[in-house]
Amino acid sequence: MARIRRERPVLLAAILSALAALAAGMNKWVVLVLLLVMIFTALFNEAPVLKAEPVEPAETEPEAPPSRLPEVSATLAGLDIPVMVLSDDASVLFQNRAAEKAFGELALGAHISARLRSPGVLDMVRETIATNAPNQIEHSERLPSERVYIVRSAPVEFQSEGQHERFFILSFRDISEVRRIDRMRSDFVANASHELRTPLASLRGFIETIQGPAKNDQKAQAQFLGIMFDQTTRMSRLVDDLLSLSRLELKSHIAPDEKVDLVPLLGHVRDSLVPLAKDVGVDINLHLPDGKVEVLGDRDELVQVFENLMENACKYGQEGKIVDVWLKNDAGQPVEVSIVDKGPGIPAEHVPRLTERFYRVSIEDSRSKKGTGLGLAIVKHILTRHRARLIVKSEVGKGTDFTVRF
59 MARIRRERPV LLAAILSALA ALAAGMNKWV VLVLLLVMIF TALFNEAPVL
109 KAEPVEPAET EPEAPPSRLP EVSATLAGLD IPVMVLSDDA SVLFQNRAAE
159 KAFGELALGA HISARLRSPG VLDMVRETIA TNAPNQIEHS ERLPSERVYI
209 VRSAPVEFQS EGQHERFFIL SFRDISEVRR IDRMRSDFVA NASHELRTPL
259 ASLRGFIETI QGPAKNDQKA QAQFLGIMFD QTTRMSRLVD DLLSLSRLEL
309 KSHIAPDEKV DLVPLLGHVR DSLVPLAKDV GVDINLHLPD GKVEVLGDRD
359 ELVQVFENLM ENACKYGQEG KIVDVWLKND AGQPVEVSIV DKGPGIPAEH
409 VPRLTERFYR VSIEDSRSKK GTGLGLAIVK HILTRHRARL IVKSEVGKGT
459 DFTVRF
């Protein structure tokens, strides 16, 4: 019955064909035989069953495990020290924000030598790659300011599911502050001991004289006490300048980001030096443009710079009677402040050394004008922090021009 239901369309077609044949006049026995054959074929003939041969699954290569570089990079990105990740051929695979800030952005895939050209660092990296052992050296960067780093290279390896990955971590530990403090201590001891020796010897001699031969000489005592007061004042200025210089050295790598208008600042400095200028018979003339002239800087430090330069021009150029201060702000040109005197000038051989500590063109002249020999050294350190330059032009008999270029 199941076959009849399944083959019902075929059986119906066979019966209709037989009836059509009888109507056409065929022999009834022939039609009957053909009908029985068709019915038998439909009900008892099994359709061949095609068995699909099992298809062997195609061999697929196992997927390679994902690289561990993203995990390493994400971890190092949070560090506040410069760090780079290098490949086996010393190409940069990653650098964190601290490295970009310290050394500039480097295209990923570029060789480390495209940014760090120090032979010591490059040799250390090559040795670490060759030996798979950590190394470290001390490395100095000169620009934009002097920095000292302990540079360390170390391999990092990952072994999982038959895959072996190896990277190299290049880290930079900044020890600039430690070096500056060490140098500051040694310089302070050397400079202070040298400069304080003379006034201390003078004070001791005057005290011994007052206690001895001049014990009852009121006039001599008054004279000696006046000299002693001058000597102690000079020592106080010297210590203040040394401390100021040390503070500047500690922050010389930090560029100021405050906007300072130089027009009112130069006016303030000129006004503060008017009494000194009158005492030495000098007029300070300002030549200022209209409007604001702003630069990035620290106002107090810039006041110290221009006070020092104008005071020096008044003291050492007083023979010319005039000190001109020019502020230039030409379009497309750096801002410049020039302090020009008409004094005796400075011999050419002394000009390159003017900003050295305790360097004096004339020791007697400097001490008679109560100079400590540190003023221009302080100016140089302040301008270095401001990424500015001090340009000195002088001609004997015609005067000197100190120009600060921002």
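Going by this note's numbering, 91 is the number at position 33 of the sequence shown; the sequence numbering is gapless. In this text, a Cβ means the ideal position worked out from N, Cα and C, and glycines have one as well.
Thinking C-beta only, is residue 432 closer than 9 angstroms to residue 296? Looking up residue 296 in the sequence shown gives position 238. Looking up residue 432 in the sequence shown gives position 374. In this structure, residue 296 lies near residue 432, with their beta-carbon atoms less than 9 angstroms apart.
Please go through the region 186 to 274 and give each complete beta strand (DSSP E) segment of 3 or more residues, from N-terminal end onward. For the region 186 to 274, whole beta strand (DSSP E) runs of length 3 or above, ordered along the chain, are 193 to 199, 205 to 218, 221 to 232.
Could you tell me whether the region 187 to 195 touches the region 93 to 100, where touching means 3 or more Cβ pairs closer than 8 angstroms? The region 187 to 195, when compared against the region 93 to 100, does not touch it at the 8 angstroms Cβ threshold.
Applying the criterion that 16 or more other CB atoms from any shown protein chain within 10 Å of the CB defines a buried residue, is residue 442 buried or exposed? Mapped onto the sequence shown, residue 442 falls at position 384. Taking a 10 Å sphere around the C-beta of residue 442, we find 16 or more other C-beta atoms and assign the residue as buried.
DSSP bridge partner residues for residue 153 (one or two, in chain order): Taking the first residue of the sequence shown as position 1, residue 153 is located at position 95. Looking at the DSSP assignment, residue 153 forms a beta bridge with 142.
Considering just the uninterrupted stretch of the alpha helix (DSSP H) at residue 329, what are its terminal residues? As a working note, residue 329 is residue 271 in the sequence shown. 320 to 330 is the span of the alpha helix (DSSP H), which, as asked, contains residue 329.
Identify every residue that forms a DSSP beta bridge with residue 381. Translated into positions along the sequence shown, residue 381 becomes position 323. Per DSSP, 342, 399.
Since residue 461 sits in a beta bridge, which residues does DSSP pair it with? The count along the sequence shown starts at 1 and reaches residue 461 at position 403. Per the DSSP secondary-structure output, residue 461 pairs in a beta bridge with 396, 449.
Going by C-alpha to C-alpha distance, which of 162, 183, 201, 217 sits closest to residue 211? The count along the sequence shown starts at 1 and reaches residue 211 at position 153. The candidate whose alpha carbon is nearest that of residue 211 is 183.
Return the residue from the list 270, 261, 300 that minimises the CA-CA distance to residue 283. Within the sequence shown, residue 283 is the residue found at index 225, counting from 1. Ranking the options by Cα distance to residue 283, first place goes to 261.
How long is the line joining the alpha carbons of residue 318 and residue 356, rounded to whole angstroms? Stepping through the sequence shown from its first residue, residue 318 is reached at position 260. Stepping through the sequence shown from its first residue, residue 356 is reached at position 298. Between residue 318 and residue 356, the alpha-carbon positions lie close to 7 angstroms from each other.
List the whole-angstrom C-beta distance separating residue 463 from residue 446, where the pair is believed to meet the contact cut-off of C-beta under 8 angstroms. Taking the sequence shown and counting its residues from 1, the one referred to as residue 463 is at position 405. Taking the sequence shown and counting its residues from 1, the one referred to as residue 446 is at position 388. 6 angstroms between Cβ atoms; contact.
Per-residue DSSP class, three states only, for residue 353: Working through the sequence shown from its first residue, we reach residue 353 at position 295. Of the three classes helix, strand and coil, the one that applies to residue 353 here is strand, per DSSP.
Have a look at 322, 333, 375, 124 and flag the residue whose alpha-carbon is nearest the alpha-carbon of residue 221. Counting from 1 along the sequence shown, the entry for residue 221 is found at position 163. Closest option to residue 221, Cα to Cα, is 124.
With DSSP as the reference, label residue 456 as helix, strand or coil. As a working note, residue 456 is residue 398 in the sequence shown. Annotated three-state conformation of residue 456 is coil, per DSSP.
Below 8 angstroms on the Cβ atoms is my guess for residue 345 versus residue 301; work out the distance and round it to an integer in Å. Within the sequence shown, residue 345 is the residue found at index 287, counting from 1. Within the sequence shown, residue 301 is the residue found at index 243, counting from 1. Wrong, their Cβ atoms sit about 35 angstroms apart, outside the cutoff.
How should residue 172 be labelled, buried or exposed, when 16 other C-beta atoms within 10 angstroms of its C-beta is the threshold for buried? As a working note, residue 172 is residue 114 in the sequence shown. The C-beta of residue 172 has fewer than 16 other C-beta atoms within 10 Å across all chains shown, which makes the residue exposed.
In the DSSP assignment, the alpha helix (DSSP H) including residue 276 goes from what residue to what residue? By 1-based counting over the sequence shown, the position of residue 276 is 218. Run containing residue 276: 276 to 308, per the alpha helix (DSSP H) assignment.
Alpha carbon to alpha carbon, how far is residue 160 from residue 127? Give it in angstroms, no decimals. Working through the sequence shown from its first residue, we reach residue 127 at position 69. Working through the sequence shown from its first residue, we reach residue 160 at position 102. Roughly 22 angstroms separates the two Cα atoms.
With 16 other CB atoms within 10 Å as the buried threshold, where does residue 406 fall? One-based indexing of the sequence shown puts residue 406 at position 348. With a threshold of 16 other beta carbon atoms within 10 Å, residue 406 falls short and is exposed.
Just the C-alpha distance for residue 63 and residue 81, rounded to the nearest angstrom, thanks. Your numbering for residue 63 matches position 5 in the sequence shown. Your numbering for residue 81 matches position 23 in the sequence shown. If you take the alpha carbons of residue 63 and residue 81, they lie about 27 angstroms apart.
Helix, strand or coil at residue 444 [DSSP, three-state]: By one-based count along the sequence shown, residue 444 stands at place 386. Note: residue 444 maps to coil in three-state DSSP.
In this structure, what does DSSP give as the bridge partners for residue 373? Here the question's residue 373 lines up with position 315 in the sequence shown. The partner list for residue 373 (beta bridge, DSSP) is empty, contrary to what the question assumes.
Taking the alpha helix (DSSP H) that residue 129 falls in, what are its first and last residues? Locating residue 129 in the sequence shown gives position 71, counting from the first residue. Secondary structure note for residue 129: its alpha helix (DSSP H) is the uninterrupted segment 127 to 134.
Consult DSSP for residue 439 and reduce its assignment to one of helix, strand or coil. What you label residue 439 is simply residue 381 of the sequence shown in a count that begins at 1. DSSP, reduced to helix, strand and coil, places residue 439 within a helical segment of the structure shown.
Report the residue from 342, 67, 393 whose alpha carbon sits nearest the alpha carbon of residue 399. Reading the sequence shown from its first residue, position 341 is the one you call residue 399. Of the candidates 342, 67, 393, the one whose C-alpha sits nearest the C-alpha of residue 399 is 342.
Taking the alpha-carbon of residue 166 as reference, which of 181, 148, 179, 176 has the nearest alpha-carbon? Working through the sequence shown from its first residue, we reach residue 166 at position 108. Among 181, 148, 179, 176, the Cα nearest to that of residue 166 belongs to 148.
Quick one: is residue 458 buried, meaning 16 or more other Cβ sit within 10 Å of its Cβ, or exposed? Position 400 of the sequence shown, counted from the start, is the residue given in the question as residue 458. Buried.
Taking 9 angstroms as the threshold (C-beta atoms), are residue 444 and residue 332 in contact? Position 274 of the sequence shown holds residue 332. Position 386 of the sequence shown holds residue 444. At least 9 angstroms separates the beta-carbon of residue 332 from that of residue 444.
Three or more C-beta pairs below 8 angstroms linking the region 325 to 340 and the region 386 to 393: By the C-beta criterion, the region 325 to 340 is judged not to be in contact with the region 386 to 393, since fewer than 3 inter-stretch pairs fall below 8 angstroms.
Just to confirm, are residue 327 and residue 230 a CB contact at a threshold of 9 angstroms? Taking the first residue of the sequence shown as 1, we reach residue 327 at position 269. Taking the first residue of the sequence shown as 1, we reach residue 230 at position 172. No.
Per DSSP, what are the beta-bridge partners of residue 408 in this structure? Reading the sequence shown from its first residue, position 350 is the one you call residue 408. Assignment of beta-bridge partners to residue 408 by DSSP yields no partner.
In angstroms, rounded to a whole number, what distance separates the CA positions of residue 325 and residue 363? Within the sequence shown, residue 325 is the residue found at index 267, counting from 1. Within the sequence shown, residue 363 is the residue found at index 305, counting from 1. Each residue's alpha carbon lies about 14 angstroms from the other.
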